[in-house]
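Data block below; observations after.
Protein chains: 2
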Amino acid sequence: MTAPTTSRRPSTLAPPVRTRARTALSPLAPGHAHISGGFWWTRQDRNRVDALAAGYEQLEASGTLDNFRIAAGTCTGRVKGMIFQDSDVYKWLEAVAHEIGRAEDPLLRSRQEEVTALVAAAQQPDGYLNSVHQLRHGPEERYSDLAWNHELYCYGHLFQAAVAQARSTGKTTLLDVSLRVLDHLVAVFGVGRHEGVPGHPEIEMALVELYRETGRDHALELARFFVDRRGHGYLSSLGHEPTYFSDRVPVREASTVEGHAVRALYLAAGATDLAIEGADIELLAHLRSVFATMLATKTYVTGGMGSRWVGEAYGDPYELSTDHGYAETCAGIAVLQWAWRLLLASGDEQYADVIERTLFNAILPGVSLDGTEFFYVNPLQLRSGAQLTGGTSAVNGRRGWFQCACCPPNVMRTLSSLDQYIATATEGGLQIHQFASGTYTANVGLERLGIEVTTGYPHDGRVVLRVVEAPETVASLSVRIPAWAESALLDAGDGLQEVAGSGVQVLDRRFQIGEEIVLDIDMSPRFVTAPHRVDASRGTVALERGPLVYAIEQADQEGSALVDDALVDPGAPVVEHPIEDLDGVVAVDLTGAAAPEPSAATIDRSWPYAPWTPEPAPAKAHVWRAIPYFAWANRGIGPMRVWLPVISGSR
Amino acid sequence: MTAPTTSRRPSTLAPPVRTRARTALSPLAPGHAHISGGFWWTRQDRNRVDALAAGYEQLEASGTLDNFRIAAGTCTGRVKGMIFQDSDVYKWLEAVAHEIGRAEDPLLRSRQEEVTALVAAAQQPDGYLNSVHQLRHGPEERYSDLAWNHELYCYGHLFQAAVAQARSTGKTTLLDVSLRVLDHLVAVFGVGRHEGVPGHPEIEMALVELYRETGRDHALELARFFVDRRGHGYLSSLGHEPTYFSDRVPVREASTVEGHAVRALYLAAGATDLAIEGADIELLAHLRSVFATMLATKTYVTGGMGSRWVGEAYGDPYELSTDHGYAETCAGIAVLQWAWRLLLASGDEQYADVIERTLFNAILPGVSLDGTEFFYVNPLQLRSGAQLTGGTSAVNGRRGWFQCACCPPNVMRTLSSLDQYIATATEGGLQIHQFASGTYTANVGLERLGIEVTTGYPHDGRVVLRVVEAPETVASLSVRIPAWAESALLDAGDGLQEVAGSGVQVLDRRFQIGEEIVLDIDMSPRFVTAPHRVDASRGTVALERGPLVYAIEQADQEGSALVDDALVDPGAPVVEHPIEDLDGVVAVDLTGAAAPEPSAATIDRSWPYAPWTPEPAPAKAHVWRAIPYFAWANRGIGPMRVWLPVISGSR
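Protein sequences, first through last, are from chains V and D.
The first sequence runs 214 to 864 under this note's numbering.
The second sequence runs 214 to 864 under this note's numbering.
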C-alpha cells in the first residue's frame with residue numbers, strides 16, 4: 214500500500230485526489246480559490262461578521278458551551294439540550310476555521326482558541342468525548358443506543374472541524390483530540406468487537422477526511438466498516454424502521470434514497486468518498502445511478518430534498534408536496550456535499566448544475582439576507598391562514614436558532630467554505646463550475662493558470678474571465694454552460710459566438726495575462742413544468758431565471774388578490790424589473806389572473822366539491838410579481854408560492 | 214332545575230332530548246331502529262360475528278386485558294402497551310353492548326360479563342381507575358401529565374361503554390364503576406382544585422351521556438368545566454403546542470378546527486352536547502359555523518379529516534394532500550359523532566349528507582370487507598413503488614390490530630350502533646336520514662309510525678318505504694334527498710314525480726298500513742372537482758356514484774398501464790358494470806388515456822423539470838375501471854387513486 218501523503222488539503226468538504234484514488238478533477242490547492250466580490254461575497258461577509266458572532270452567542274445561550282465546561286468540571290450546572298448538541302459547536306468551529314483561512318481576524322481567532330480549549334478539556338482519558346452523554350449517562354451506556362445517541366455523528370463533525378482548523382491555522386489541538394477519539398473508536402468498533410453502525414451517518418466522510426489529512430489507515434478502515442456493515446436492519450427504534458436510518462438495504466444494493474434525507478445523503482457522500490479512495494468503479498457507478506434516480510423522482514424543482522415531515526424523510530417517488538413539503542436546509546447542504554464528490558470523481562458537469570441549483574434554491578433560502586436567521590424547513594408554498602405549528606415550521610418565519618439547531622451552523626460552515634466549490638483543477642488546467650466574482654488558480658506543471666472572474670451573476674448572465682496568471686505552455690480552461698441555459702454566447706478573443714449545446718466549453722491554448730474571455734448566458738425568464746407523476750404540481754408552472762427558481766410572495770402584489778388565488782399564462786410575455794429591494798434582485802411581472810377568493814357565502818354552502826364542467830372557472834386579469842425564491846420571507850412572513858397554476862387554455 | 218329523567222336512552226352515541234334541552238330531532242326510542250338486511254347489515258354481521266371475536270383475542274394477545282388482571286392483583290406479569298390502552302377494552306365493551314341490544318348472544322354475553330368483571334376489579338378504593346397508570350406510576354403522579362396520560366380520555370370511553378351496557382342489558386356493574394369514578398373526579402377537579410383539562414377530549418360528551426343516563430348533575434358540570442377551561446394554552450408538551458391539543462383558543466372563539474383531528478372533533482362534539490343541554494343557541498350557532506368552515510376548507514372529498522401525519526392533524530385551509538394524506542379512521546368516526554349531534558340539534562339535513570359521505574367514504578374504508586382488518590390511515594392515493602414506512606401506513610395493507618389500537622374497536626362500536634343513525638323522530642313523525650334496509654319506528658302521541666325500508670342502496674338508488682305501523686292521526690314522514698343527487702323521483706301513491714331540489718321531502722298525512730312510498734334517486738356516475746385552492750387536486754376529477762366516492766385500483770386494470778399514469782376525459786361517456794367481486798359493487802369504466810411511464814432513459818436525464826409547452830403531452834388511449842373507494846385494498850395492496858388527472862382539452 215502506498216504511504217498516504219499528509220500534506221495540507223484545501224478543505225474538509227473537498228476530497229483531494231490521493232495516490233490510490235482516481236478522480237477526474239481535483240479541488241484547488243489551499244489559497245487558490247478566493248471569492249472576492251459580488252453576490253456570494255455579500256452572503257459570505259454577513260455570515261463571517263454577523264452569523265458567526267450570533268452563533269457564538271447562541272452556543273452560550275443554549276448551554277451548548279456550558280455542557281463542555283460542566284463535563285470538564287470547570288463549572289457546575291445542569292446539562293442542556295439534545296444528545297447531539299456538541300455537533301453545533303463543531304460545525305461552528307469548522308466555519309470559523311474556514312473564515313480564518315479566508316482572512317485573519319483577532320476576535321474569531323480568540324473565540325476559536327477558547328472554544329477549542331473547552332472541547333479538548335471535556336475529553337475523557339480514554340478518548341471518549343460527548344459532553345451531553347457524559348453528563349446524562351454512565352460510561353457503561355456508551356454506544357448502547359447508536360440509533361439515537363449520535364456519539365459517532367458528533368465525532369464526524371469534530372473530525373471535520375479539526376481538519377479544517379489544522380489546514381487553516383496549522384494548529385493541531387482539535388486534530389489531536391480527534392486522533393485520540395480515533396484510537397478509542399478503533400478499540401471499540403470492528404469485527405468481533407462492537408459491530409453497530411451510526412444512527413446518523415456523518416462520521417464516514419469525516420473519517421475519510423481524517424485519513425486524508427493524517428494518513429491514519431485505521432480511519433479509512435473504520436469508515437469502510439461502517440458503510441459495509443450498514444443495510445442489514447441493525448437500526449430500528451422508537452417506531453422508526455431501518456428505512457428511516459438508511460439501514461434497510463446495503464449501499465451497494467440500494468436503488469434509491471429513502472428515509473431521513475440528511476442521513477441518506479451523508480451516507481451516500483461517505484460511500485462516494487470510499488469509492489474514490491478504493492478506486493471502486495463499480496460502487497461509483499452504482500452511486501451515480503442512485504443519484505440520477507433521486508433527481509428524477511425525489512427532488513424538488515429547488516433541489517430541495519425530502520418531502521415528509523414524519524422522519525424528515527423522502528416520500529415515495531414523485532411524492533413532492535408543495536404545501537406541506539419539508540426540504541430541510543441541512544438536506545440541501547448534504548446533497549451539495551454528495552454532488553461535489555461525484556463531480557470530482559466523474560468530471561460530469563451535471564453535478565455542478567445540481568450544485569448550482571441547490572446552492573441558490575435549497576440552501577440559500579435557509580438563511581435570511583442579513584445572515585443571522587434560518588429556516589429549518591423550506592416549503593414551496595405558504596398559504597394565507599397558515600396555522601402555527603411546531604418550532605421548525607416556515608410559518609414562524611426564520612429564527613436565530615432552534616431547539617434542534619442542526620441547520621444554522623451547517624449553513625455557516627457551508628457559506629464559509631463556498632470558495633472551494635467554485636472551480637477545480639486537472640493536471641492541465643482549470644475548470645470553472647460556478648460563477649462567483651473572485652480569483653481561481655490551478656497549478657499547471659510548475660506554473661499556474663489564474664483566472665479572475667467578474668460577474669453580476671446570478672442576476673446578470675455576463676461572466677468575464679480575465680487571465681491573471683498564465684503558464685508558458687498550452688493549458689486548458691473549461692467553463693460550465695448551465696443545463697438550464699437556452700443559449701449562451703462566448704467571446705474567447707474572436708467575438709461573441711453561440712455556444713453549441715450545454716455542458717462545458719473547453720479552451721485549450723496558450724493563455725496571455727490580461728486577456729479576457731466573456732461568457733454571456735441567456736437569462737430570459739422561462740417556465741418549467743414537473744413530471745406528470747408529481748401530482749402536487751399538476752397544472753402549474755414554475756418560473757426560473759438564470760439559476761434561480763422564482764416565487765410570488767404576497768408582499769410584492771398590488772391590490773387585495775392573494776397569491777393563493779394566482780393563475781398565470783405561461784404563453785404570455787413577462788417583464789423584468791431590476792429592483793433595489795432584497796439586496797437587489799430582478800423581479801419578473803407575469804401576465805395572469807386571480808381566481809375568486811372563497812367567500813363567506815361559498816363557505817356557508819354545505820359541500821365544497823362541485824360538479825366538473827368543461828368551462829374554465831371565472832378569473833379576473835391580474836399581474837403577479839415574482840422574486841427569487843431564496844429572498845422570500847425577508848419582509849415578514851406571508852403567503853408565497855413557487856408552483857403557479859396555469860390559466861385554462863393558456864397558449 | 215328540572216329533575217333529570219333516568220329512563221333508558223337508545224345509545225351512548227345518540228343524545229336524546231332532555232327536558233331542558235332543545236333539539237329539533239330526537240333519536241328513536243330503544244328497540245325502534247333495526248337494520249335487517251342489505252349493505253349495512255352485511256357489514257354489521259361481519260363486525261358482530263368476526264370482528265368482535267377477533268377483537269377479544271387481540272385484547273388478550275396485546276396484554277390489554279392482562280393489564281387489568283395485574284392491576285387487580287389476580288395475576289402477575291408486566292404491564293404492556295400504551296398509557297391509554299384501557300380505552301381499547303372500553304370501546305370493545307361498548308360494541309358488545311350495542312350488539313347484545315341488537316340480539317342476544319350467549320358467547321358475547323359471557324365475554325361481556327368476564328371483561329366487565331376484570332374492569333371492576335381493577336378499580337382502586339377511591340374510584341381511580343387506569344390499569345396502565347396504576348402499574349407504571351405511583352398515586353402521586355395521577356393527573357400530573359394530563360397532556361399525555363389520557364386518564365380522562367379512558368374514563369370517557371368507560372362511561373360510554375357503561376351507558377351502552379346499562380341500556381342494552383339493564384346491568385349496572387360498569388355504570389356503578391363509572392359513578393365511583395365520577396365521584397372521585399368531582400373531588401379532584403374543579404375551580405380551586407385541579408384546574409387542568411384532558412389532553413385528549415372524549416370525556417366531555419361521555420360525561421353528558423352519563424348525566425343523561427343517571428341524572429347526576431355533577432357529570433354535566435364537570436363536562437362544562439372541562440370545555441370552558443380549555444383554550445388557554447394549558448396543554449403544551451413534548452414539542453406539541455396548544456394548537457395540537459385544541460387548547461390555543463376557547464371553543465367559543467375558535468374559528469376553525471385545528472391540530473389533532475380526533476381531539477378537535479371529540480371536543481366539538483362534547484361542546485355541542487353542552488350547547489344542547491344548556492339550550493345555548495349562541496354556542497350552537499358558533500359550532501355550526503366552525504363545522505361549515507371545516508367542510509369548506511379542511512375536508513377531503515371522502516369526508517376524511519386531517520391531512521398531516523405530524524400530529525395526526527389538520528393542515529392549513531385547503532392543504533389536502535392526496536398522496537401523503539392522513540384521514541385517520543377515528544377522525545371519520547369523530548366527525549360522524551359531531552355531525553349527528555348537530556343534526557339532532559338543528560334538524561338541518563346537510564349534517565345527514567355529511568354523515569352519509571363519512572360513513573361510506575371515511576369510516577368504511579377503514580375496515581376490510583371481511584370485517585377483521587383495519588386501516589388507521591386512509592390516503593386518497595397509493596403510488597407504485599411506495600416505500601414501506603411506519604406501522605400505520607396504508608402501504609402495509611389493513612392490519613388486525615395496531616400498537617396504538619384506537620381505530621379497530623372504534624370501528625366496531627360504530628358499526629354495532631349504526632342502526633341509531635338511520636332515522637330520528639319528532640313529536641309528529643319519523644325522519645329517514647340514511648337508506649338502509651330495516652324497520653324504523655317513531656312514537657306519534659301514544660301510537661306509532663313504523664316504516665320498513667327495502668333498498669339495494671348504495672349501489673342502487675331505489676328505496677321502498679312500506680308502512681308497517683300507522684297512527685290514526687295525521688303524521689309526518691320525511692326522507693332525505695341527498696345533496697349530491699342530480700335528480701330524484703318520488704312515488705307517494707300517485708305515481709313517480711320529480712322531486713324539486715335536494716334536502717328533504719316531507720309527507721304529512723294519515724298513513725295506511727301496507728302502503729308503499731318509493732324513492733328513486735338518480736345514481737348516474739358524476740365527476741366532481743375540488744375548490745381551486747386545494748392545490749393537491751388541481752387538474753383532476755373524482756368520480757362519484759350515489760353516495761360513494763370511487764377510486765381506480767391497479768387490480769382492476771387491464772394491460773400494463775399503471776394508475777400512476779392515468780388520465781381521464783370527464784366529458785366522455787362512462788359505462789357501469791355491476792360485478793360480483795368485492796361483495797357486489799358497481800364498477801365504472803372511464804374513457805381516458807395513459808401518460809407514458811417514466812423510462813430508464815427519462816431517469817438517466819440529468820434534470821426532470823422540463824420547459825413548459827402549450828401542447829398536451831402524448832398519451833395513449835386507455836379505459837380505466839373504477840370501484841368504490843371503500844372497497845380498495847381487499848385484493849392485496851397496490852397502486853390506487855381517487856383524484857384522476859384530466860386529459861388536456863377535455864370537453
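Virtual Cβ for every residue (Gly too), placed ideally from N, Cα, C.
Nearest to residue i by alpha carbon, out of the options?
i              : options                        : result
S459 (chain V) : V:L398, V:L320, V:G524         : V:G524
G797 (chain V) : V:D339, V:R429, V:P841         : V:P841
G250 (chain D) : D:L398, D:V666, D:F281, D:D802 : D:V666
A696 (chain D) : D:A779, D:A599, D:D561         : D:D561
F724 (chain D) : D:E757, D:R324, D:V747, D:L690 : D:L690
E408 (chain V) : V:D389, V:G428, V:R442, V:E417 : V:R442
E766 (chain D) : D:G641, D:G849, D:G708, D:A813 : D:G849
For chain D, check one thing: does any of its Cβ atoms lie closer than 9 Å to the Cβ of residue i?
i              : result
A474 (chain V) : no
V514 (chain V) : yes
Q298 (chain V) : no
R231 (chain V) : Bear in mind that the predicted position of R231 (chain V) carries a pLDDT of just 43, short of 50, making it too unreliable to give a figure here.
Y842 (chain V) : no
Y303 (chain V) : no
Y527 (chain V) : yes
R693 (chain V) : no
Return helix, strand or coil for residue i, following the three-state DSSP convention.
i              : result
I576 (chain D) : helix
S691 (chain V) : strand
T485 (chain D) : helix
R437 (chain D) : helix
K833 (chain D) : strand
T667 (chain V) : strand
M625 (chain V) : helix
N260 (chain V) : helix
P352 (chain V) : helix
P319 (chain V) : helix
S819 (chain V) : coil
In chain D, which residues lie less than 7 Å from residue i when you measure between Cβ atoms?
i              : result
Q563 (chain V) : S819
Y531 (chain V) : R596
V590 (chain V) : The premise fails here: V590 (chain V) is roughly 11 Å from chain D at the closest Cβ pair, so nothing lies under 7 Å.
What are the boundary residues of the alpha helix (DSSP H) that includes residue i?
i              : result
F648 (chain V) : Careful: F648 (chain V) lies outside any alpha helix (DSSP H) and carries neither H nor E.
Q373 (chain V) : 364-382
A755 (chain D) : Per DSSP, A755 (chain D) belongs to no alpha helix (DSSP H); it is in the beta strand (DSSP E), 753-758.
For chain V, is any of its Cβ atoms less than 9 Å away from the one on residue i?
i              : result
I604 (chain D) : Reading off the sequence, residue 604 (chain D) comes out as Gly, not Ile. It does: the Cβ of G604 (chain D) has a partner Cβ on chain V nearer than 9 Å.
L572 (chain D) : no
S534 (chain D) : yes
A825 (chain D) : One point to set straight first is that residue 825 (chain D) is Trp, not Ala, in the sequence displayed. Chain V, which has a Cβ nearer than 9 Å to the Cβ of W825 (chain D), makes this yes.
W361 (chain D) : no
H346 (chain D) : no
L732 (chain D) : no
H646 (chain D) : no
V421 (chain D) : no
Which residues in chain V sit within 8 Å of residue i, going by Cβ to Cβ distance?
i              : result
R751 (chain D) : R751, G752, T753, P858
Show which residues of chain D have a CB atom less than 8 Å away from the CB atom of residue i.
i              : result
E471 (chain V) : Q600
Kindly indicate the opening and closing residues of the beta strand (DSSP E) around residue i.
i              : result
H247 (chain V) : 246-248
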